[in-house]
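Numbering-wise (the working numbering), the sequence shown opens with residue 3 and increments by one. Beta carbons are placed, not taken as given, at the ideal position from N, Cα and C, and that holds for glycine.
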Amino acid sequence: MSSHVDPAPARRVAVIGGGPAGLFAAERLVAAGLAVDLYEAKGSPGRKFLIAGKGGLNLTHSDPRPLFDNRYREQSATVGRWLDGFDADALRGWAAGLGVDTYVGSSGRVFPVDRKAAPLLRGWVRRLKEQGVQFHVQHRWLGWGNTGALRFATPDATVEEMPDATVLALGGGSWPQLGSDGSWVAPLRAHGVDTAPLQAANCGFDVEWTPWFVQRNAGMPLKAVVAHWTDLSGQPRQLQGECVTSEYGIEGSMVYALSADLRETINRDGEATLSLDLVPGRDLERLLADLAQPRKGRSFGEHLRRQAGLDTVKTALLFEVLGKDAGQDIGRVAATLKRLPLRLRRPRPIAEAISTAGGVRLEAMDDNLMLQALPGVFCAGEMLDWEAPTGGYLLTACYASALRAADGVIGWLRR
């Protein structure tokens, strides 16, 4: 008789979510010899990744550590431990392994040389398929059935799967049309998983402009301004950058960078004040002297352009705050140009935000990102309760948490 014994089948892991965190977790798991099924609600993986890369895929940032870690605010220590396993340099090395070279831009952000997301994603998915990852698209996760099986809605029917372990990488709640709709919150809460409410992050804010201002200035860029605000500990802060006036309020990279402080101030106080220095190159004394020069029959708007270098939208902002008779008090004008107050009423809806804060509380998981309430279920990516500004920090933490969760799965299955 033959003594041949068939090898035991590979343990099977379900990865739910086809964004960067899900794809990277699948890569790590299949490399460990596990059978990996990746489920994606949409018709193809990585849709938000592709859209985010349209203006140039910002992979990571060149900030040194621990400055890099500090971008994660209250969760900097925990995310820092993830980054110990996979940091910005590791991410650049990983991209190089896919044939994608990167460079550091003038802002410190790191981009692929061709600045495109599509070639990287295509090569990545192709490699995963060659390594044995099974992709199941148009599989929208519904939670768990009575037997503990994963339930998915497909175009044909509801199907159930019973893997040996699961990685949830379902994204936050922003850009729901691309798959990150936050629908995972309800099934997790139903199973006792503690989650913080999802909130808009890296978002714009509502300002109650007059119709006159909106009609003439919506969509206008505000360049070379300095934002002044008070952080949650009461400390004055400032940041130079650019933003955009929109029909609803204000948005843009500078606003996104301080959106967490502004959002939490609104949560606490009902509104927040963001003050803009519209002429950061001139101190108050010089500005007063410049504005005190004779107008020689020119309109006040033209006087502001000539004497203070104000463009149309900055002039409009001054009139929006001080009214049409602003020019009668030069001292008040100068002080306002150095600290023009904007009352922010509310953050924009989550669906419009670049990312979300809130999600699965880190205290609801062990150090390997396994849910305390659901042994064998791990979480990664933006669905966890951390946030960061744009600039490559979001994507880097998604990769780093995915590696942490995947290694957690490998260790748990071995035990």
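Which word fits residue i, buried or exposed, when buried means at least 16 other C-beta atoms lie within 10 angstroms of its C-beta?
i       : result
Gly-21  : buried
Tyr-258 : buried
Arg-73  : buried
Thr-168 : buried
Ala-214 : Residue identity check: residue 214 is Trp in the sequence provided, not Ala. Exposed, since its Cβ has fewer than 16 Cβ neighbours within 10 Å.
Thr-314 : exposed
Thr-398 : buried
Asp-91  : exposed
Ser-5   : With a pLDDT of 48 at Ser-5, under the threshold of 50, the modelled position of that residue is not reliable, and the figure given next carries that caveat. It is exposed - the Cβ of Ser-5 has fewer than 16 other Cβ atoms within 10 Å.
Gly-221 : exposed
His-193 : exposed
Val-246 : buried
Met-3   : Here the model assigns Met-3 a pLDDT of 43, short of 50, so the residue's position is not dependable, and the following value carries that caveat. Its Cβ having fewer than 16 others within 10 Å, Met-3 is exposed.
Ala-375 : exposed
If you draw a straight line from the alpha carbon of residue i to that of residue j, how long is it in whole angstroms?
i       : j       : result
Ile-18  : Glu-29  : 13 Å
Ala-27  : Asp-158 : 28 Å
Leu-170 : Pro-114 : 28 Å
Val-7   : Ala-366 : Here the model assigns Val-7 a pLDDT of 43, short of 50, so the residue's position is not dependable and the matter cannot be decided.
Trp-414 : Pro-377 : 9 Å
Gly-206 : Gly-35  : 44 Å
Tyr-401 : Asn-269 : 30 Å
Leu-306 : Thr-275 : 24 Å
Leu-260 : Ala-188 : 30 Å
Glu-42  : Leu-144 : 12 Å
Phe-137 : Ala-226 : 47 Å
Leu-405 : Gln-240 : 35 Å
Val-379 : Met-372 : 6 Å
Leu-422 : Leu-25  : No information on residue 422 is available, as it lies outside the stretch 3 to 417 that the chain covers here.
When you compare each of the options to residue i by their alpha carbons, which one comes out closest?
i       : options                               : result
Ala-12  : Asp-166, Val-112 and Met-367          : Asp-166
Asp-263 : Ala-229, Val-112, Pro-296 and Arg-288 : Ala-229
Glu-163 : Arg-347, Gly-147 and Asp-285          : Gly-147
Arg-284 : Phe-137, Tyr-105 and Leu-339          : Leu-339
Pro-343 : Gln-309, Pro-349 and Val-335          : Val-335
Thr-62  : Gly-394, Ser-403 and Arg-416          : Gly-394
Lys-131 : Leu-40, Glu-253 and Leu-93            : Leu-40
Trp-126 : Thr-80, Ala-328, Gly-99 and Lys-298   : Gly-99
Arg-297 : Arg-83, Ala-37, Gln-309 and Ser-46    : Gln-309
Since residue i contacts residue j with CB under 8 Å, what's their CB separation in whole angstroms?
i       : j       : result
Ser-357 : Ser-176 : 6 Å
Arg-218 : Ala-318 : 6 Å
Ser-64  : Gly-110 : 5 Å
Ile-352 : Gln-201 : 7 Å
Compute every distance between the C-beta of residue i and the non-hydrogen atoms of the ligand FAD, then say whether any falls below 6 Å.
i       : result
Ile-352 : As presented, the structure is devoid of all ligands, the ligand FAD included, so that no description of it is given.
Touching by the beta-carbon criterion (3+ pairs, under 8 Å), the region 78 to 88 and the region 398 to 411: Flag = yes, the region 78 to 88 and the region 398 to 411 touch.
Meets three-Cβ-pair contact criterion under 8 Å: the region 231 to 251 and the region 382 to 397: No: the two stretches stay apart, fewer than three of their Cβ pairs being nearer than 8 Å.
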